[in-house]
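Novice: Chain order of the listed sequences is D and X.
Residue numbers are given in this note's numbering: position 250 of the first sequence equals residue 250, and the series is strictly consecutive.
Heads up, this note's numbering is the position in the second sequence plus 1000, with the first residue counted as 1.
Cβ coordinates follow ideal geometry from the N, Cα and C atoms, glycine included.
One structure follows; several queries about it will come next.
There are 2 protein chains.
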Amino acid sequence: MRYRDAGVDIARSDAIKDDILREIRSTWHAGVRPLPGGFAGVTRLPGGGPLLAATLDGVGTKLHLARAAGRLEDAAADLVYHGANDLLVHGARPLALLDYVAQARLDPDVVLAVVRGLARACREVGAALLGGETAEMPDTYLPGVVDVAGCLLGLLEEGALLDGGRVTAGDAVLGLEGTGLHTNGYSLARRVLATSGLALASPLPGGSGESVGDALLAPHRWYGRHANVLGSAAIHALAHVTGGGITGNLVRVLPAGLQARLNPDAWPRPPLFRWIAGAGAVPEADARTALNLGIGLVALVAPEAVSDVAGRLGREGLRSWRIGSIEPGSRAVRWEDEPPI
Amino acid sequence: MRYRDAGVDIARSDAIKDDILREIRSTWHAGVRPLPGGFAGVTRLPGGGPLLAATLDGVGTKLHLARAAGRLEDAAADLVYHGANDLLVHGARPLALLDYVAQARLDPDVVLAVVRGLARACREVGAALLGGETAEMPDTYLPGVVDVAGCLLGLLEEGALLDGGRVTAGDAVLGLEGTGLHTNGYSLARRVLATSGLALASPLPGGSGESVGDALLAPHRWYGRHANVLGSAAIHALAHVTGGGITGNLVRVLPAGLQARLNPDAWPRPPLFRWIAGAGAVPEADARTALNLGIGLVALVAPEAVSDVAGRLGREGLRSWRIGSIEPGSRAVRWEDEPPI
Chain D
1 MRYRDAGVDI ARSDAIKDDI LREIRSTWHA GVRPLPGGFA GVTRLPGGGP
51 LLAATLDGVG TKLHLARAAG RLEDAAADLV YHGANDLLVH GARPLALLDY
101 VAQARLDPDV VLAVVRGLAR ACREVGAALL GGETAEMPDT YLPGVVDVAG
151 CLLGLLEEGA LLDGGRVTAG DAVLGLEGTG LHTNGYSLAR RVLATSGLAL
201 ASPLPGGSGE SVGDALLAPH RWYGRHANVL GSAAIHALAH VTGGGITGNL
251 VRVLPAGLQA RLNPDAWPRP PLFRWIAGAG AVPEADARTA LNLGIGLVAL
301 VAPEAVSDVA GRLGREGLRS WRIGSIEPGS RAVRWEDEPP I
Chain X
1001 MRYRDAGVDI ARSDAIKDDI LREIRSTWHA GVRPLPGGFA GVTRLPGGGP
1051 LLAATLDGVG TKLHLARAAG RLEDAAADLV YHGANDLLVH GARPLALLDY
1101 VAQARLDPDV VLAVVRGLAR ACREVGAALL GGETAEMPDT YLPGVVDVAG
1151 CLLGLLEEGA LLDGGRVTAG DAVLGLEGTG LHTNGYSLAR RVLATSGLAL
1201 ASPLPGGSGE SVGDALLAPH RWYGRHANVL GSAAIHALAH VTGGGITGNL
1251 VRVLPAGLQA RLNPDAWPRP PLFRWIAGAG AVPEADARTA LNLGIGLVAL
1301 VAPEAVSDVA GRLGREGLRS WRIGSIEPGS RAVRWEDEPP I
């Protein structure tokens, strides 16, 4: 969902960013729900009924590590978990997936591994693998690599749409535990790994015996397992922490006039993130926008309900921490240890 | 939509093909309409209402030629026309597009050109550009190239679904004129161009003055402009002629027990196809499965209505020819000049 903040990712100039956004908006018919910073696109269907939500993403460079470790199937599954979380944060449940698998020369075993992973995750999240394309393009792809992208479709009831509109001053910011990098920060992690002298099989520095490979390739956590809790009325907004980190994603659900104040010491930073930041000499400010730092999803919760929500998640095996709160301000994420602007 | 005939494209063995199909089918919930050979996937929505159709495809190697000619915007638009035709042949109208644009290093001007082309075509076909992803992957893509894929969503009324089920013996096969290669056969065409000694600016051999580049890069025709005619009850099935040619795509809408008999001389073969087949020394049998040969869409029409359908299309500026008929047989496409099997 880069178009909404295309300036960060792709546009060398504000003029190009504006041009891209203008082009996109020129296509929006009356059914489209404008979601500034949305994690998915949402549109009404003619004749009423549920709203349709859709998101398209790629697995990214996690694929390279996964192939090296013989775990392509798991990385493909991550695409589905990632997309399902992007739907979940708007209140949508998965309906169908369409996938794109591309190589310089198609290797049937690679395609089968990818489809196995996608299908397994589709069964888990309740999405039908409805179609897709395998492309063989020797003049486009480097030899031996594979790219995997996919479009996940979902549905939600009109009244269930989460779009940040219910966020109010005083809301608690609850950080939900992730499993690792999920699917972001792998370019950085691979650079650190390459210069660290460690192998995928090496024990993770500071860890409890798990290998670097296992830590790096942990599956992207799918938070839809906790949809019962996360769908309650006390949840005012959800943000999926992907590229941009907590800082870059939490801001996407903040209405004008509100800011988030976060305490960076409110949760234990997992060894994987301490190792990447340390071995890569990543400044703390950069780590906060490049990595999720152990928080895969952020919930903005009515303050009186935080304990109950955290308790219910805990009983389902998911740890969470109150990492900050919402206050009047200028639509930004502030960290308590940063100097005031 | 390669999974349905994955053996042709990707599977070195029937075992892998079967494995892939089994994985895919394992995800299908009760709403999914199994469409053997479908050009798009179709599913019911919970609670009724219209059916949802979805297709995902890439522009393919036409992108390379288009970039060389400075016409990336047009090639991006072709992705939408291609997808809209894949929906049309099932009776669906476009609703939304999600796109994937990937490069080794993102070039904002390239992304803008792609988005401009997509947005223009989206406005034309009535699809909202609802989301997408731009990926920068230097370890995956060759320097300087771009890949563009997209997922097009559409809707159709339950009773309007075209799935081949209405095809009967005696139906006429009507071939609708294309504009050129559309988006298939470009690997072959580029090989022929590279060995022909011709440049993109050279006049097309046998043509009426147009350049090779203009002929090769003609936009993919969108047949949804003629949806009024093509949606009439006399139209029993539609096939979009993409990879696999008339042979490989017409067979996708044939029910068991029926075959198509086609006359290869029933329409004028455009100079572009004569040049590619001649300069590339492509055997006629291969040309018929690699290229559309000037027919971009095939309609199976109640015989008494063929003249009327062709006449109405003609008045809208679209030429068509009666190129064959449907008869009892073994779910195959037979050409009249081929020896009997």
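Would you mind reading off the limits of the alpha helix (DSSP H) that contains residue 1028 of chain X?
Specialist: Counting from 1 along the second sequence, the entry for residue 1028 of chain X is found at position 28. No alpha helix (DSSP H) contains residue 1028 of chain X, which DSSP labels as neither H nor E.
Novice: When the Cα of residue 1208 of chain X is compared with those of X/1233, X/1271, X/1133, which residue comes out closest?
Specialist: To locate residue 1208 of chain X, count along the second sequence from 1; it is residue 208. Closest option to residue 1208 of chain X, Cα to Cα, is X/1271.
Novice: I believe residue 54 of chain D touches residue 1043 of chain X by the beta-carbon criterion, under 8 angstroms. Please report the beta-carbon distance rounded to the nearest angstrom.
Specialist: Walking along the first sequence from the start, residue 54 of chain D turns up at place 54. Walking along the second sequence from the start, residue 1043 of chain X turns up at place 43. In fact, because the Cβ distance is near 13 angstroms, the residues do not count as touching under 8 angstroms.
Novice: Run the proximity test for residue 241 of chain D: is its beta-carbon closer than 8 angstroms to any non-hydrogen atom belonging to the ligand MN?
Specialist: The ligand MN is absent from the structure shown, which contains no ligands of any kind.
Novice: To the nearest angstrom, how far is the alpha carbon of residue 1113 of chain X from that of residue 1051 of chain X?
Specialist: On the second sequence, position 113 is the one that residue 1113 of chain X refers to. On the second sequence, position 51 is the one that residue 1051 of chain X refers to. Each residue's Cα considered, the two are about 33 angstroms apart.
Novice: Less than 9 angstroms between CB atoms is the rule here; does residue 1238 of chain X satisfy it with respect to chain D?
Specialist: Walking along the second sequence from the start, residue 1238 of chain X turns up at place 238. No, its Cβ sits nowhere closer than 9 angstroms to a Cβ of chain D.
Novice: Considering only C-alpha positions, which residue in the set X/1087, X/1152, X/1122, X/1245 is nearest to residue 1073 of chain X?
Specialist: Within the second sequence, numbered from 1, the residue matching residue 1073 of chain X stands at position 73. Nearest C-alpha to residue 1073 of chain X: X/1122.
Novice: Is the CB of residue 1006 of chain X under 9 angstroms away from at least one CB in chain D?
Specialist: Here the question's residue 1006 of chain X lines up with position 6 in the second sequence. Legend: pLDDT at residue 1006 of chain X = 36, less than 50; position of this residue unreliable, value from coordinates given subsequently. By this cut-off, residue 1006 of chain X is an interface position.
Novice: Could you work out which residue in D/143, D/258, D/78 is closest to residue 105 of chain D when comparing CA atoms only?
Specialist: Working through the first sequence from its first residue, we reach residue 105 of chain D at position 105. The residue with the shortest Cα to Cα distance from residue 105 of chain D is D/143.
Novice: For residue 1316 of chain X, report the span of its alpha helix (DSSP H) as first-last.
Specialist: The residue you call residue 1316 of chain X lines up with position 316 of the second sequence. Segment: none, residue 1316 of chain X is in no alpha helix (DSSP H) and carries neither H nor E.
Novice: Distance, Cα to Cα, residue 1180 of chain X vs residue 1258 of chain X?
Specialist: On the second sequence, position 180 is the one that residue 1180 of chain X refers to. On the second sequence, position 258 is the one that residue 1258 of chain X refers to. Approximately 29 angstroms between the Cα atoms of the pair.
Novice: Evaluate residue 22 of chain D with the Cβ neighbour count: other Cβ atoms within 10 Å of its Cβ, from every protein chain shown; 16 or more gives buried, anything less gives exposed.
Specialist: For the purposes of this step, residue 22 of chain D is identified with residue 22 of the first sequence, where counting begins at 1. With fewer than 16 other Cβ atoms within 10 Å, it is exposed.
Novice: If the cut is a Cβ gap below 7 angstroms, which residues of chain X does residue 116 of chain D touch?
Specialist: As a working mapping, residue 116 of chain D is identified with position 116 in the first sequence. Those within 7 angstroms of residue 116 of chain D in chain X are 1023.
Novice: Can you tell which of D/127, D/287, D/218, D/279 has the C-alpha that lies nearest to the C-alpha of residue 244 of chain D?
Specialist: By one-based count along the first sequence, residue 244 of chain D stands at place 244. Of the candidates D/127, D/287, D/218, D/279, the one whose C-alpha sits nearest the C-alpha of residue 244 of chain D is D/287.
Novice: Nearest-angstrom Cα distance between residue 7 of chain D and residue 18 of chain D?
Specialist: Here residue 7 of chain D is taken as the residue at index 7 of the first sequence, counted from 1. Here residue 18 of chain D is taken as the residue at index 18 of the first sequence, counted from 1. Any reading at residue 7 of chain D must be qualified, since the residue scores a pLDDT of 36, below 50, and its modelled position is unreliable; no value is offered.
Novice: Along the beta strand (DSSP E) that carries residue 96 of chain D, what are the first and last residues, could you check?
Specialist: As a working mapping, residue 96 of chain D is identified with position 96 in the first sequence. 93–103 is the extent of the beta strand (DSSP E) around residue 96 of chain D.
Novice: Does any C-beta atom of chain X lie closer than 9 angstroms to the C-beta of residue 219 of chain D?
Specialist: Taking the first sequence and counting its residues from 1, the one referred to as residue 219 of chain D is at position 219. So no, residue 219 of chain D is outside the interface.
Novice: Which runs of the alpha helix (DSSP H), 4 residues or longer, sit entirely within the stretch 1213–1283 of chain X?
Specialist: Correct list: 1227–1230, 1245–1250, 1271–1279.
Novice: If the criterion is Cβ atoms closer than 9 angstroms, does the pair residue 1082 of chain X and residue 1226 of chain X meet it?
Specialist: Working through the second sequence from its first residue, we reach residue 1082 of chain X at position 82. Working through the second sequence from its first residue, we reach residue 1226 of chain X at position 226. No, these two residues do not count as a Cβ contact at 9 angstroms.
Novice: What are the start and end residues of each continuous alpha helix (DSSP H) run of 4 or more residues lying completely inside the stretch 153–204 of chain D, in chain order?
Specialist: Counting whole runs of 4 or more residues, the stretch 153–204 of chain D contains the alpha helix (DSSP H) stretches 186–196.
Novice: Within this structure, are the beta carbons of residue 1056 of chain X and residue 58 of chain D separated by less than 9 angstroms?
Specialist: By 1-based counting over the second sequence, the position of residue 1056 of chain X is 56. By 1-based counting over the first sequence, the position of residue 58 of chain D is 58. No, Cβ-Cβ distance for residue 1056 of chain X and residue 58 of chain D is not below 9 angstroms.
Novice: Run down chain D in chain order and give the residues with a C-beta less than 8 angstroms from the C-beta of residue 1145 of chain X.
Specialist: Position 145 of the second sequence, counted from the start, is the residue given in the question as residue 1145 of chain X. Near residue 1145 of chain X (Cβ distances below 8 angstroms), the residues of chain D are 139, 140.
Novice: Check whether the stretch 1229–1236 of chain X touches the stretch 1134–1152 of chain X, taking contact to mean three or more Cβ pairs, one atom from each stretch, closer than 8 angstroms.
Specialist: Output reads no: the stretch 1134–1152 of chain X does not touch the stretch 1229–1236 of chain X.
Novice: May I have the straight-line CA-CA distance separating residue 298 of chain D from residue 178 of chain D, to the nearest angstrom?
Specialist: Indexing the first sequence from 1 puts residue 298 of chain D at position 298. Indexing the first sequence from 1 puts residue 178 of chain D at position 178. Those two C-alpha atoms are separated by around 10 angstroms.
Novice: List the residues that DSSP assigns as beta-bridge partners of residue 1323 of chain X.
Specialist: Counting from 1 along the second sequence, the entry for residue 1323 of chain X is found at position 323. DSSP lists no partner for residue 1323 of chain X.
Novice: With a Cβ-Cβ cutoff of 9 angstroms, do residue 1175 of chain X and residue 1246 of chain X count as a contact?
Specialist: Here the question's residue 1175 of chain X lines up with position 175 in the second sequence. Here the question's residue 1246 of chain X lines up with position 246 in the second sequence. A contact, by the Cβ cut-off of 9 angstroms.
Novice: Looking at the C-beta of residue 201 of chain D, does it have a partner C-beta in chain X at a distance below 9 angstroms?
Specialist: Translated into the one-based positions of the first sequence, residue 201 of chain D becomes position 201. With 9 angstroms as the cut-off, residue 201 of chain D does not count as an interface residue toward chain X.
Novice: Quick one: what's residue 147 of chain D bridged to in DSSP?
Specialist: Indexing the first sequence from 1 puts residue 147 of chain D at position 147. DSSP output for residue 147 of chain D lists D/102 as bridge partner(s).
Novice: Between residue 1322 of chain X and residue 1162 of chain X, what straight-line distance do the alpha-carbon atoms span, to the nearest angstrom?
Specialist: Start at 1 with the first residue of the second sequence, and residue 1322 of chain X comes out as number 322. Start at 1 with the first residue of the second sequence, and residue 1162 of chain X comes out as number 162. Residue 1322 of chain X and residue 1162 of chain X: Cα-Cα distance of roughly 20 angstroms.
Novice: Is the CB-CB distance between residue 1262 of chain X and residue 1317 of chain X below 9 angstroms?
Specialist: Here the question's residue 1262 of chain X lines up with position 262 in the second sequence. Here the question's residue 1317 of chain X lines up with position 317 in the second sequence. Result no, Cβ atoms of residue 1262 of chain X and residue 1317 of chain X do not sit closer than 9 angstroms.
Novice: To which residues does DSSP link residue 1333 of chain X through a beta bridge?
Specialist: By one-based count along the second sequence, residue 1333 of chain X stands at place 333. Residue 1333 of chain X pairs with X/1260.
Novice: Could you check whether residue 90 of chain D and residue 152 of chain D sit closer than 9 angstroms to each other, using their CB atoms as the reference points?
Specialist: By 1-based counting over the first sequence, the position of residue 152 of chain D is 152. By 1-based counting over the first sequence, the position of residue 90 of chain D is 90. Taking 9 angstroms as the Cβ cut-off, residue 152 of chain D and residue 90 of chain D do not qualify as a contacting pair.
Novice: Determine the contact status of residue 1200 of chain X and residue 1212 of chain X, defining contact as a CB-CB distance below 9 angstroms.
Specialist: Numbered from 1 along the second sequence, position 200 holds the residue referred to as residue 1200 of chain X. Numbered from 1 along the second sequence, position 212 holds the residue referred to as residue 1212 of chain X. For residue 1200 of chain X and residue 1212 of chain X, yes; Cβs fall inside 9 angstroms.
Novice: When you compare the CB of residue 1133 of chain X with every CB in chain D, is at least one pair closer than 9 angstroms?
Specialist: Looking up residue 1133 of chain X in the second sequence gives position 133. So yes, residue 1133 of chain X belongs to the interface.
Novice: At a CB-CB cut-off below 8 angstroms, which residues of chain D make contact with residue 1099 of chain X?
Specialist: Position 99 of the second sequence, counted from the first residue, corresponds to residue 1099 of chain X. Under the 8 angstroms cutoff, chain D gives 56.
Novice: How about residue 1321 of chain X: is its C-beta nearer than 9 angstroms to some C-beta of chain D?
Specialist: The sequence position of residue 1321 of chain X within the second sequence is 321, counting from 1. With 9 angstroms as the cut-off, residue 1321 of chain X does not count as an interface residue toward chain D.
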